[in-house]
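A.B. asks: Final position of the sequence shown in my numbering is 494; the numbers increase by one with none missing.
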Amino acid sequence: MAQPVMVGATSGAATPGGYKKIVYVICAVAALGGLLFGLDQGFIANSLATIEAHYHFGVEGGEHYSAILATGGIVGALLSGLFARFLGRKKSLLFAGFIFTAASAISATLPPFATLSVCRFALGFAVGVASFVVPLYLAETAPAAIRGSMGTLFQLMITIGIFLIALTNVFIAREFVNPSTSLPLMFLTITLFAALMFFGGFMLPESPRWLMLKGRKEKAVAVLQRTMNTQQEIDNEIEEIEQALHGPQGAGIGIVFRGYFFKVLLVGVLLQMFQQLVGINMMIYYSPTIFGYAGMTGLLAAMTVPTVNMLFTFPAIHWVEKWGRKKLLYVGAVCMLITMIAAGVAFQTIGSATNPAMISGVAKAVLLASAVIYIFGFAVSWGPVAWLVCSEIFPLEGREVGMTITTMVNWTFAGLVMANALSFMKAHGNASIFYLFAGFCVLAIGFVALFVPETKGITLEEMEFNLKSGVPLRKLGQRPVRSTTVPEASAAHK
Ligand code: BGC
Numbered sequence: 001m002a003q004p005v006m007v008g009a010t011s012g013a014a015t016p017g018g019y020k021k022i023v024y025v026i027c028a029v030a031a032l033g034g035l036l037f038g039l040d041q042g043f044i045a046n047s048l049a050t051i052e053a054h055y056h057f058g059v060e061g062g063e064h065y066s067a068i069l070a071t072g073g074i075v076g077a078l079l080s081g082l083f084a085r086f087l088g089r090k091k092s093l094l095f096a097g098f099i100f101t102a103a104s105a106i107s108a109t110l111p112p113f114a115t116l117s118v119c120r121f122a123l124g125f126a127v128g129v130a131s132f133v134v135p136l137y138l139a140e141t142a143p144a145a146i147r148g149s150m151g152t153l154f155q156l157m158i159t160i161g162i163f164l165i166a167l168t169n170v171f172i173a174r175e176f177v178n179p180s181t182s183l184p185l186m187f188l189t190i191t192l193f194a195a196l197m198f199f200g201g202f203m204l205p206e207s208p209r210w211l212m213l214k215g216r217k218e219k220a221v222a223v224l225q226r227t228m229n230t231q232q233e234i235d236n237e238i239e240e241i242e243q244a245l246h247g248p249q250g251a252g253i254g255i256v257f258r259g260y261f262f263k264v265l266l267v268g269v270l271l272q273m274f275q276q277l278v279g280i281n282m283m284i285y286y287s288p289t290i291f292g293y294a295g296m297t298g299l300l301a302a303m304t305v306p307t308v309n310m311l312f313t314f315p316a317i318h319w320v321e322k323w324g325r326k327k328l329l330y331v332g333a334v335c336m337l338i339t340m341i342a343a344g345v346a347f348q349t350i351g352s353a354t355n356p357a358m359i360s361g362v363a364k365a366v367l368l369a370s371a372v373i374y375i376f377g378f379a380v381s382w383g384p385v386a387w388l389v390c391s392e393i394f395p396l397e398g399r400e401v402g403m404t405i406t407t408m409v410n411w412t413f414a415g416l417v418m419a420n421a422l423s424f425m426k427a428h429g430n431a432s433i434f435y436l437f438a439g440f441c442v443l444a445i446g447f448v449a450l451f452v453p454e455t456k457g458i459t460l461e462e463m464e465f466n467l468k469s470g471v472p473l474r475k476l477g478q479r480p481v482r483s484t485t486v487p488e489a490s491a492a493h494k
């Protein structure tokens, strides 16, 4: 990774590694934002049985409690742009950190179920705010040389959070069989990381770009002196921000009615919809429950999905640049299609057998292998790529609107899956849901072939030029032959 060169000194010393200490604090607090996303998303898998034992609700109650996180996420994502703009990036992060801490600490007191549900909504709200503000803050505050890797770090931290909470919840549930002891400990694990994010947040500097936006140039320079090593870097950054502030500014919601924007919005919306409709959160939330239906329990059932998910997100970050987005989307969708059909067939052979001894070893092995390959397929493709493409396809002036809408779509479909997966299995048979998700994988493949552009190796400006020149969606990622000056948006309102 390129390190900034030391030319001339500004206040404060750089660390021997090349960055000042505050840069590491920025990265760590931002990483905690991603981790908390994962901790809350992954919480249910190995705690559902404990929550049910304490609060005495059935499948539907469990589904609703799980899905409320998504409802909070939709509202948080919707309002996060406003918070970031009016409160500032730092205060929005502190706000999210405070909600994470308060809602998980209150949950640890095992309040009445209605209050527990409000807390889960609040946690979702904080996740929605953090998932918008953290990448924005990093893009504006981290040194340019590490901004790219910071973006992928956020995604990686989500999967690490899912893994970590699955692991701690398994061990807590084993060590403390009484739910009124184990459940508070599970919530306190989240509280610990949330408090780190909240208190760490006070050490963060405000984003220099936001300060400039508010006309506070002196403060912006003071922040840059804390994060950057040389006067040259500071001058360049100030000049870049000033240019950006004179360029096209964030458009309002009206931009969705412009033809060229509507087209890419559709790509982003469908990508995020399919990211959820291939069934990932059924596996993340309910894999231990589903393995249980096939008579499989223990560490293998509890940890397979989160472990494979985390491990394969590491190479994905490299593969996405090497092979491109579309190839990975195809590979992932085909893996998920085959394994969903295999899991469906395995469940059909298991039928309604409830005695583990009656279930064949082959059916169990097929189920386990299907889960591993399915999660591999998702982790190397639709997991990171859906978010990445959504951050690339929108023209600058509509990026905020585009990303807010596509994030809300992601949460909406995540909520739908969480709220219905288990009862769908109960109503239509265990195999049914796997065939349904397989059907969505087929539609997702068709969608990628017809509409998704390959965005590897093209600059965002070139893609914007193509888009506004009326180039078909699928070919948006091809390098334009003409100059890369962006044509007037009005010329593209066809
Ligand atoms: C998805 C989440 C999912 C996670 C699993 C993310 O890309 O948006 O819904 O739980 O991946 O790793």
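Even for Gly, the Cβ is constructed at its ideal location relative to N, Cα and C. All values reported here derive from a predicted model rather than from experimental measurement.
Where in the region 337–389 do unbroken runs of the alpha helix (DSSP H), each at least 4 residues long, occur, reported from the N-terminal end onward?
C.D. replies: Listed in chain order, the complete alpha helix (DSSP H) runs (minimum 4 residues) inside the region 337–389 are 361–379.
A.B. asks: How many whole angstroms separate the CB atoms of L93 and G201, which I take to be in contact at a CB cut-off of 8 Å?
C.D. replies: Within the sequence shown, numbered from 1, the residue matching residue 93 stands at position 93. Within the sequence shown, numbered from 1, the residue matching residue 201 stands at position 201. About 5 Å; that satisfies the 8 Å criterion.
A.B. asks: Contact between the region 23–43 and the region 183–191 is defined here as three or more beta-carbon pairs at a separation below 8 Å; is this criterion met?
C.D. replies: Output reads yes: the region 183–191 touches the region 23–43.
A.B. asks: Indicate whether the contact test is met: 3 or more Cβ pairs, each with one atom in the region 270–277 and one in the region 380–396, closer than 8 Å.
C.D. replies: The region 270–277 is in contact with the region 380–396.
A.B. asks: By the DSSP assignment, the alpha helix (DSSP H) with W323 in it spans what residues?
C.D. replies: As a working note, residue 323 is residue 323 in the sequence shown. Where W323 is concerned, there is no enclosing alpha helix (DSSP H), given that its DSSP letter is neither H nor E.
A.B. asks: For the ligand BGC, any of its heavy atoms closer than 6 Å to the Cβ of N169?
C.D. replies: Here the question's residue 169 lines up with position 169 in the sequence shown. Because no heavy atom of the ligand BGC lies under 6 Å away, the Cβ of N169 does not count as near it: no.
A.B. asks: Report the start-end ranges of each alpha helix (DSSP H) in the region 196–281 that is 4 residues or longer and not cut off at the edges.
C.D. replies: DSSP runs (the alpha helix (DSSP H)) wholly in the region 196–281: 208–213, 217–227, 231–246, 259–277.
A.B. asks: When you compare each of F57, G128, K468 to I405 by their alpha carbons, which one comes out closest?
C.D. replies: The residue labelled residue 405 in the question sits at position 405 within the sequence shown. For the residues F57, G128, K468, the minimum Cα distance to I405 belongs to G128.
A.B. asks: According to DSSP, simplified to helix, strand and coil, what is Q478?
C.D. replies: The count along the sequence shown starts at 1 and reaches residue 478 at position 478. Note: Q478 maps to coil in three-state DSSP.
A.B. asks: Kindly indicate the opening and closing residues of the alpha helix (DSSP H) around A427.
C.D. replies: For this step, residue 427 is matched to residue 427 along the sequence shown. First-last of the alpha helix (DSSP H) with A427: 399–428.
A.B. asks: Please report the distance separating the alpha-carbon of I172 from that of T50.
C.D. replies: Counted from its first residue, the sequence shown places residue 172 at position 172. Counted from its first residue, the sequence shown places residue 50 at position 50. Roughly 10 Å between the two C-alpha positions.
A.B. asks: Do you know whose CA, among P306, A84, V134, R89, lies nearest G161's CA?
C.D. replies: In the sequence shown, residue 161 corresponds to position 161, counting from 1. Of the listed residues, the one whose Cα sits closest to G161 is P306.
A.B. asks: Can you tell me whether I253 is buried or exposed, with buried defined as 16 or more other CB within 10 angstroms of its CB?
C.D. replies: The residue given as residue 253 occupies position 253 in the sequence shown. I253 should be labelled exposed.
A.B. asks: Quick one: residues in its chain with C-beta nearer than 6 Å to the C-beta of V221, no 5 flanking neighbours on either side, listed in chain order?
C.D. replies: As a first step, residue 221 must be located in the sequence shown, where it is residue number 221. Contacts found: none.
A.B. asks: Given this structure, state the Cα-to-Cα distance separating P205 from K90, to the nearest angstrom.
C.D. replies: Position 205 of the sequence shown holds residue 205. Position 90 of the sequence shown holds residue 90. For P205 and K90, the distance between alpha carbons rounds to 7 Å.
A.B. asks: What is the rounded straight-line gap between the Cα of M157 and the Cα of M336?
C.D. replies: By one-based count along the sequence shown, residue 157 stands at place 157. By one-based count along the sequence shown, residue 336 stands at place 336. Their Cα atoms are separated by approximately 23 Å.
A.B. asks: Taking the alpha carbon of A122 as the point to measure from, which residue in L396, A386, L69, Y293 has its own alpha carbon closest?
C.D. replies: For the purposes of this step, residue 122 is identified with residue 122 of the sequence shown, where counting begins at 1. Among L396, A386, L69, Y293, the Cα nearest to that of A122 is on L69.
A.B. asks: What residue range does the alpha helix (DSSP H) around A102 cover?
C.D. replies: Mapped onto the sequence shown, residue 102 falls at position 102. A102 -> alpha helix (DSSP H) spans 89–108.
A.B. asks: What does the Cβ neighbour count give for D235, buried or exposed, with the cut at 16 atoms within 10 Å?
C.D. replies: The count along the sequence shown starts at 1 and reaches residue 235 at position 235. Classification for D235: exposed.
A.B. asks: Restricting to Cα atoms, I'd like to know which of I317, A96, S80, E454 is closest to V29.
C.D. replies: Along the sequence shown, one-based indexing puts residue 29 at 29. It is A96.
A.B. asks: Flag this pair as yes or no: are the beta carbons of V389 and R325 separated by less than 7 Å?
C.D. replies: Taking the first residue of the sequence shown as 1, we reach residue 389 at position 389. Taking the first residue of the sequence shown as 1, we reach residue 325 at position 325. Yes; because the gap between Cβ atoms is below 7 Å, this pair is in contact.
A.B. asks: With a threshold of 6 Å, establish whether the CB of N281 neighbours any heavy atom of the ligand BGC.
C.D. replies: Position 281 of the sequence shown, counted from the first residue, corresponds to residue 281. Answer for N281: yes, Cβ within range of the ligand BGC.
A.B. asks: What's the call for S370, buried or exposed, on a 16-neighbour Cβ count within 10 Å?
C.D. replies: Mapped onto the sequence shown, residue 370 falls at position 370. By the 10 Å Cβ count, S370 comes out buried.
A.B. asks: How many Å lie between S18 and C27 at the Cα?
C.D. replies: Position 18 of the sequence shown, counting from 1, holds the residue named residue 18. Position 27 of the sequence shown, counting from 1, holds the residue named residue 27. The residue asked about is misnamed: residue 18 is Gly in this sequence, not Ser. Cα to Cα, the separation comes out at about 14 Å.
A.B. asks: Confirm the yes/no value for this check: CB of N229, any heavy atom of the ligand BGC, distance under 6 Å.
C.D. replies: Taking the first residue of the sequence shown as position 1, residue 229 is located at position 229. Checking every heavy atom of the ligand BGC against the Cβ of N229, none is found closer than 6 Å.
A.B. asks: Which value, in whole angstroms, describes the spacing of the CA atoms of N420 and E63?
C.D. replies: To locate residue 420, count along the sequence shown from 1; it is residue 420. To locate residue 63, count along the sequence shown from 1; it is residue 63. Approximately 7 Å between the Cα atoms of the pair.
A.B. asks: On the three-state DSSP scale, how would you describe Y19?
C.D. replies: For the purposes of this step, residue 19 is taken as residue 19 along the sequence shown, with counting starting at 1. Of the three classes helix, strand and coil, the one that applies to Y19 here is coil, per DSSP.
A.B. asks: Can P453 and R474 be called in contact, C-beta distance under 7 Å?
C.D. replies: The residue labelled residue 453 in the question sits at position 453 within the sequence shown. The residue labelled residue 474 in the question sits at position 474 within the sequence shown. Taking 7 Å as the Cβ cut-off, P453 and R474 qualify as a contacting pair.
A.B. asks: Between the alpha carbons of G446 and F440, how many angstroms are there, rounded?
C.D. replies: Mapped onto the sequence shown, residue 446 falls at position 446. Mapped onto the sequence shown, residue 440 falls at position 440. Near 10 Å, if we compare the C-alpha coordinates of F440 and G446.
A.B. asks: Determine the DSSP secondary structure at N178, reduced to helix, strand or coil.
C.D. replies: Position 178 of the sequence shown holds residue 178. Correct three-state label for N178: coil.
A.B. asks: Under three-state DSSP, which class holds H56?
C.D. replies: In the sequence shown, residue 56 corresponds to position 56, counting from 1. Looking at H56 - three-state DSSP - the assignment turns out to be coil, as it is neither helix nor strand.
A.B. asks: Are V417 and M283 close, meaning C-beta to C-beta below 7 Å?
C.D. replies: For this step, residue 417 is matched to residue 417 along the sequence shown. For this step, residue 283 is matched to residue 283 along the sequence shown. No. Outside cutoff.
A.B. asks: Counting only the same chain and skipping the five closest in sequence on each side, list residues whose C-beta sits under 7 Å from that of I99.
C.D. replies: Stepping through the sequence shown from its first residue, residue 99 is reached at position 99. Closer than 7 Å at the Cβ level, and outside the excluded window around I99, lie A122, F125, A126.
A.B. asks: Residues in the same chain with beta-carbon distance under 7 Å from T71, minus the five sequence neighbours each way, listed in chain order, please.
C.D. replies: The residue you call residue 71 lines up with position 71 of the sequence shown. Excluding positions up to five away in sequence, the list reads F121, G124, G415.
A.B. asks: Between the C-alpha atoms of E321 and Q348, what's the straight-line distance to the nearest angstrom?
C.D. replies: As a position in the sequence shown, residue 321 is number 321, starting the count at 1. As a position in the sequence shown, residue 348 is number 348, starting the count at 1. Looking at the two C-alpha atoms, the distance is approximately 40 Å.
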